[in-house]
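Colleague: Residue numbers (full-length UniProt numbering): 1 to 253.
All C-beta atoms, glycine included, are put in the ideal place defined by N, C-alpha and C.
From a predicted model like this one, the values you see are computed outputs, not experimental measurements.
Take a look at the following structure, please.
Set out below in C-alpha cells:
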C-alpha cells in the first residue's frame, strides 16, 4: 500500500491538510537553508515550484531554469516574477563557479534519469563553499508504487539503480539515503545532511489539524525538530544539503 495513494501525489486527491502541511515544511526548510546574505541562486524546479519566489522575497537573485519537458503550473506563472527565467536543457549557459547556491527541488534528479550528469553540472557552476539543496523520490515510494501495481517480483530485485514505472507511463528514479550520499560525493560535493522530507504521516497530520488543539505551525516545528538523518525507511521523498569544498590551503612550512 502506498504511504500516499498515487492519485494524491500531485495534491489532486483528498489529502488537502497533509499537502498544506507538506508545503509549509518545504518553505520552512528552505528559509532555514537559504544563505544569510543576498546571493545568486539557480533553481532547477522547471517552473513548478514555489522556491524562486520565496528566495527572491528573501533578497536573493534567482535564475530559474525552465524545463522544456515539464509544463509550468498555471498558478505559478506569476509567482516568480522577481526571478530571471531561462529556457534550457542544462546549465551549459553558465560559466564555472558563478553561483552561490543551487536548488534542485520538484524531484528533478528523479525525473532526469541521468542524475549524475545533472549533479556534476550543478557542482561545476557552484562557487567554492556554495551549496546545493535537492529532493528525490525515496525507495519507500518506489517500492510502494511497485506493490500497488502488483509488481511483486520486482520488489526482490536489489539493483544499484531503481527505475519505477508509474501508471501514467512515466519513469522515476528512486533512491536510498546511501545512494543519495554516493550521488553527492561522486560530484565532488560534501554531504551536510540527508533526511526524509517528512516523517509525520498524512493520517496523523489530518487528525492533529482536525482536532483544533494544535496549529499548523506546531506541526511544522515538530517535524523539523525530528532528526531522522539518513533514515530512508519513511517518507515519500528524501531531501539533502551539500556543499562544494573550499580550495585546499597551502601546506604548512
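So which of 52, 174, 149 has the shortest CA-CA distance to residue 111?
Modeller: Against the chain shown, residue 111 aligns to sequence position 111. Ranking 52, 174, 149 by Cα distance to residue 111 puts 174 first.
Colleague: Out of 96, 125, 206, which one is the CA nearest neighbour of residue 44?
Modeller: In the chain shown, the residue the question calls residue 44 occupies position 44. For the residues 96, 125, 206, the minimum Cα distance to residue 44 belongs to 125.
Colleague: Just list the alpha helix (DSSP H) runs in the stretch 216-247, keeping only unbroken ones of 4 residues or longer that don't cross its boundaries, in chain order.
Modeller: Counting whole runs of 4 or more residues, the stretch 216-247 contains the alpha helix (DSSP H) stretches 216-225.
Colleague: Return the CA-CA distance between residue 122 and residue 190, expressed in angstroms with no decimal places.
Modeller: Taking the chain shown and counting its residues from 1, one reaches residue 122 at position 122. Taking the chain shown and counting its residues from 1, one reaches residue 190 at position 190. Their backbone Cα atoms lie some 13 Å apart in a straight line.
Colleague: What's the gap between the Cα of residue 49 and the Cα of residue 91?
Modeller: Indexing the chain shown from 1 puts residue 49 at position 49. Indexing the chain shown from 1 puts residue 91 at position 91. Roughly 18 Å separates the two Cα atoms.
Colleague: Starting from residue 115, trace the alpha helix (DSSP H) both ways and give me its first and last residue.
Modeller: The count along the chain shown starts at 1 and reaches residue 115 at position 115. Start and end: 115-125.
Colleague: Quick check on residue 206: does DSSP put it in helix, strand or coil?
Modeller: For the purposes of this step, residue 206 is identified with residue 206 of the chain shown, where counting begins at 1. Helix at residue 206.
Colleague: Relative to the alpha-carbon of residue 243, which residue among 33, 115, 27, 212 has its alpha-carbon at the smallest distance?
Modeller: Translated into positions along the chain shown, residue 243 becomes position 243. Looking at the Cα atoms, 33 is the closest of the given residues.
Colleague: Contact between the stretch 15-30 and the stretch 201-209: three or more CB pairs below 8 Å?
Modeller: Yes, they touch.
Colleague: Whole angstroms are fine: how far does the CA of residue 87 sit from the CA of residue 105?
Modeller: Taking the chain shown and counting its residues from 1, the one referred to as residue 105 is at position 105. Taking the chain shown and counting its residues from 1, the one referred to as residue 87 is at position 87. When rounded, the distance between both Cα atoms is 17 Å.
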